[in-house]
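Everything below concerns the one structure shown next.
Residue numbers (this note's numbering): 10 to 218.
Written as C-alpha coordinates, this is what we have:
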(Lines of atoms letter the chains of each structure in order from A; the text may use other names.)
(Lines give C-alpha, C1' and ligand atoms only; values in the text may rest on other atoms or scores of the structure.)
Protein backbone atom coordinates (compact mmCIF):
# COMPACT_ATOMS: atom_id res chain seq x y z
CA UNK A 10 0.00 0.00 0.00
CA UNK A 11 1.26 3.49 -0.86
CA UNK A 12 0.62 6.21 1.71
CA UNK A 13 0.50 9.56 -0.04
CA UNK A 14 0.68 12.08 2.79
CA UNK A 15 0.65 10.33 6.15
CA UNK A 16 2.46 11.54 9.27
CA UNK A 17 0.59 9.70 12.00
CA UNK A 18 -1.30 6.54 12.90
CA UNK A 19 -3.01 4.70 15.73
CA UNK A 20 -1.79 1.18 16.47
CA UNK A 21 -4.17 -1.31 18.08
CA UNK A 22 -3.23 -4.31 20.20
CA UNK A 23 -4.20 -7.90 19.53
CA UNK A 24 -7.25 -7.27 21.76
CA UNK A 25 -8.43 -4.63 19.23
CA UNK A 26 -8.00 -1.86 21.81
CA UNK A 27 -5.84 1.21 21.02
CA UNK A 28 -2.23 0.56 22.00
CA UNK A 29 -0.36 3.74 21.02
CA UNK A 30 -0.15 6.56 18.54
CA UNK A 31 2.91 6.69 16.31
CA UNK A 32 4.66 8.96 13.84
CA UNK A 33 4.86 7.51 10.34
CA UNK A 34 7.76 7.55 7.89
CA UNK A 35 7.59 5.91 4.46
CA UNK A 36 10.49 4.82 2.27
CA UNK A 37 10.95 5.05 -1.47
CA UNK A 38 10.12 1.33 -1.63
CA UNK A 39 6.76 1.97 0.15
CA UNK A 40 8.13 0.55 3.40
CA UNK A 41 6.46 1.90 6.54
CA UNK A 42 8.31 2.70 9.75
CA UNK A 43 6.64 3.84 12.97
CA UNK A 44 8.11 5.88 15.82
CA UNK A 45 6.57 5.91 19.31
CA UNK A 46 6.88 8.59 21.99
CA UNK A 47 5.16 6.12 24.34
CA UNK A 48 7.71 4.69 26.78
CA UNK A 49 5.45 1.84 27.95
CA UNK A 50 6.13 -0.55 25.09
CA UNK A 51 8.31 -3.61 24.62
CA UNK A 52 10.04 -5.51 21.86
CA UNK A 53 7.40 -7.68 20.22
CA UNK A 54 6.11 -8.94 16.87
CA UNK A 55 2.33 -9.11 16.44
CA UNK A 56 -0.51 -8.71 13.93
CA UNK A 57 -3.20 -6.11 14.54
CA UNK A 58 -5.11 -3.21 13.04
CA UNK A 59 -3.48 0.16 12.34
CA UNK A 60 -5.41 3.35 11.48
CA UNK A 61 -3.35 5.51 9.13
CA UNK A 62 -4.34 9.20 8.92
CA UNK A 63 -3.47 10.12 5.35
CA UNK A 64 -4.11 13.76 4.38
CA UNK A 65 -5.05 12.82 0.81
CA UNK A 66 -6.70 9.43 1.18
CA UNK A 67 -8.34 9.74 4.60
CA UNK A 68 -8.42 7.30 7.50
CA UNK A 69 -7.19 3.93 6.20
CA UNK A 70 -7.65 0.94 8.49
CA UNK A 71 -5.23 -1.89 7.72
CA UNK A 72 -4.45 -5.26 9.21
CA UNK A 73 -0.68 -5.24 9.64
CA UNK A 74 2.31 -7.11 10.97
CA UNK A 75 4.12 -4.82 13.41
CA UNK A 76 7.60 -5.48 14.77
CA UNK A 77 8.42 -3.16 17.68
CA UNK A 78 12.00 -2.73 18.86
CA UNK A 79 14.10 -0.15 20.70
CA UNK A 80 14.96 2.94 18.71
CA UNK A 81 18.73 3.29 18.30
CA UNK A 82 18.61 6.37 16.07
CA UNK A 83 19.28 10.00 17.02
CA UNK A 84 15.62 10.62 17.87
CA UNK A 85 15.57 7.85 20.50
CA UNK A 86 15.20 10.24 23.48
CA UNK A 87 11.87 11.60 22.27
CA UNK A 88 10.80 8.41 20.48
CA UNK A 89 12.28 5.48 22.41
CA UNK A 90 10.52 2.77 20.37
CA UNK A 91 10.24 2.16 16.64
CA UNK A 92 8.60 -0.49 14.47
CA UNK A 93 8.58 -1.90 10.98
CA UNK A 94 5.01 -2.15 9.73
CA UNK A 95 3.90 -4.41 6.89
CA UNK A 96 0.36 -4.05 5.54
CA UNK A 97 -1.31 -7.44 5.13
CA UNK A 98 -4.78 -6.25 4.14
CA UNK A 99 -6.64 -2.94 3.75
CA UNK A 100 -9.79 -3.30 5.84
CA UNK A 101 -11.63 0.02 5.33
CA UNK A 102 -11.22 3.58 4.13
CA UNK A 103 -13.30 5.55 6.60
CA UNK A 104 -13.21 8.98 4.97
CA UNK A 105 -11.66 10.84 2.08
CA UNK A 106 -10.46 13.81 4.11
CA UNK A 107 -8.60 13.80 7.39
CA UNK A 108 -11.18 15.93 9.14
CA UNK A 109 -14.37 15.36 7.18
CA UNK A 110 -17.15 17.46 8.70
CA UNK A 111 -20.77 16.35 8.75
CA UNK A 112 -24.00 18.18 9.67
CA UNK A 113 -25.82 16.89 12.75
CA UNK A 114 -28.46 18.08 15.21
CA UNK A 115 -27.51 16.94 18.72
CA UNK A 116 -29.05 18.80 21.71
CA UNK A 117 -26.54 18.61 24.54
CA UNK A 118 -25.74 19.81 28.06
CA UNK A 119 -22.19 21.11 28.46
CA UNK A 120 -20.16 21.81 31.61
CA UNK A 121 -17.37 24.38 31.79
CA UNK A 122 -14.11 23.89 33.67
CA UNK A 123 -15.52 26.27 36.33
CA UNK A 124 -18.39 23.88 37.03
CA UNK A 125 -21.06 25.92 35.22
CA UNK A 126 -23.57 24.31 32.88
CA UNK A 127 -25.17 25.46 29.64
CA UNK A 128 -27.31 23.82 26.96
CA UNK A 129 -26.87 24.04 23.22
CA UNK A 130 -27.02 22.09 19.98
CA UNK A 131 -24.11 20.56 18.08
CA UNK A 132 -24.69 21.51 14.43
CA UNK A 133 -21.69 19.83 12.84
CA UNK A 134 -18.79 17.67 13.92
CA UNK A 135 -15.42 16.46 12.67
CA UNK A 136 -12.52 14.63 14.27
CA UNK A 137 -11.08 18.05 15.09
CA UNK A 138 -14.03 19.70 16.79
CA UNK A 139 -17.65 20.83 16.71
CA UNK A 140 -19.78 23.83 15.79
CA UNK A 141 -22.40 24.46 18.45
CA UNK A 142 -25.24 26.95 18.86
CA UNK A 143 -26.38 28.16 22.28
CA UNK A 144 -28.35 31.07 23.66
CA UNK A 145 -25.64 31.69 26.23
CA UNK A 146 -22.80 34.13 25.60
CA UNK A 147 -19.47 32.36 26.12
CA UNK A 148 -15.97 33.87 26.12
CA UNK A 149 -13.43 32.75 23.54
CA UNK A 150 -10.98 30.32 25.14
CA UNK A 151 -13.54 28.81 27.52
CA UNK A 152 -12.96 25.09 28.04
CA UNK A 153 -15.90 22.75 28.47
CA UNK A 154 -16.84 19.07 28.32
CA UNK A 155 -19.75 16.85 27.33
CA UNK A 156 -20.62 13.16 27.21
CA UNK A 157 -21.98 11.42 24.12
CA UNK A 158 -22.35 7.87 22.86
CA UNK A 159 -20.60 7.91 19.46
CA UNK A 160 -20.57 4.12 19.32
CA UNK A 161 -21.33 1.53 22.01
CA UNK A 162 -19.93 3.27 25.07
CA UNK A 163 -20.40 6.91 26.16
CA UNK A 164 -17.33 9.13 25.71
CA UNK A 165 -16.36 12.16 27.79
CA UNK A 166 -15.00 14.83 25.44
CA UNK A 167 -13.22 18.10 26.26
CA UNK A 168 -13.15 21.11 23.93
CA UNK A 169 -12.34 24.81 23.77
CA UNK A 170 -14.19 27.76 22.21
CA UNK A 171 -12.00 29.07 19.39
CA UNK A 172 -14.26 31.68 17.82
CA UNK A 173 -17.79 33.08 17.88
CA UNK A 174 -19.70 33.10 14.59
CA UNK A 175 -22.32 35.66 15.68
CA UNK A 176 -26.08 35.55 16.07
CA UNK A 177 -28.08 32.91 14.20
CA UNK A 178 -31.28 30.92 14.60
CA UNK A 179 -31.27 29.46 18.10
CA UNK A 180 -28.60 31.73 19.56
CA UNK A 181 -24.88 32.30 19.00
CA UNK A 182 -22.66 29.95 16.99
CA UNK A 183 -19.26 28.86 18.26
CA UNK A 184 -16.42 27.01 16.54
CA UNK A 185 -14.81 24.63 19.03
CA UNK A 186 -11.69 22.47 19.02
CA UNK A 187 -11.39 19.11 20.77
CA UNK A 188 -8.69 18.87 23.45
CA UNK A 189 -6.50 15.86 24.28
CA UNK A 190 -8.74 13.23 22.74
CA UNK A 191 -7.83 9.71 23.89
CA UNK A 192 -6.95 7.56 20.85
CA UNK A 193 -10.02 5.36 21.29
CA UNK A 194 -12.37 8.37 21.49
CA UNK A 195 -10.79 9.92 18.39
CA UNK A 196 -11.29 6.67 16.48
CA UNK A 197 -14.93 6.49 17.66
CA UNK A 198 -15.59 10.05 16.46
CA UNK A 199 -14.02 9.41 13.06
CA UNK A 200 -16.18 6.34 12.53
CA UNK A 201 -19.27 8.24 13.75
CA UNK A 202 -18.59 11.05 11.25
CA UNK A 203 -18.09 8.56 8.44
CA UNK A 204 -21.33 6.71 9.28
CA UNK A 205 -23.32 9.96 9.37
CA UNK A 206 -21.83 10.99 6.02
CA UNK A 207 -22.91 7.69 4.51
CA UNK A 208 -26.44 8.18 5.90
CA UNK A 209 -26.59 11.61 4.33
CA UNK A 210 -25.51 10.30 0.93
CA UNK A 211 -28.24 7.65 1.05
CA UNK A 212 -30.91 10.27 1.90
CA UNK A 213 -30.28 13.23 -0.45
CA UNK A 214 -32.02 16.46 0.48
CA UNK A 215 -32.39 15.59 4.18
CA UNK A 216 -30.31 16.76 7.12
CA UNK A 217 -28.35 14.19 9.08
CA UNK A 218 -29.94 13.64 12.50
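Note that beta-carbon positions come from the ideal geometry of N, C-alpha and C, so glycine has one too.
From a predicted model like this one, the values you see are computed outputs, not experimental measurements.
- Cβ contact annotation for residue 76 (same chain, cutoff 7 Å, sequence separation greater than five): 54, 92 and 93, in chain order.
- Judged by DSSP secondary structure, residue 186 falls within the beta strand (DSSP E) whose first and last residues are 180-188.
- Just measuring C-alpha positions, the residue of 89, 40, 17 and 67 sitting nearest residue 202 is 67.
- Residue environment: residue 197 is assigned as buried (16 or more neighbouring CB atoms within 10 Å of its CB, all protein chains considered).
- Residue pairing by DSSP places residue 121 opposite 153 in a beta bridge.
- The three-state reading of DSSP puts residue 133 in strand, counting E and B together.
- By the neighbour-count definition (other C-beta atoms within 10 Å, threshold 16), residue 144 is an exposed residue.
- Residue 36 and residue 95 have their C-alpha atoms roughly 12 Å apart.
- Taking C-alpha positions only, residue 27 is separated from residue 61 by approximately 13 Å.
- Within the same chain, 138 and 168 come within 6 Å of residue 187 by CB-CB distance, once the 5 residues on both sides are set aside.
- The region 15-26 makes no contact with the region 151-163, as fewer than three CB pairs between them are under 8 Å.
- The Cβ atoms of residue 110 and residue 133 sit closer than 8 Å to each other.
- The three-state reading of DSSP puts residue 202 in helix, counting H, G and I together.
- For residue 109, the three-state secondary structure derived from DSSP is coil.
- In the DSSP assignment, residue 75 is bridged to 55 and 94.
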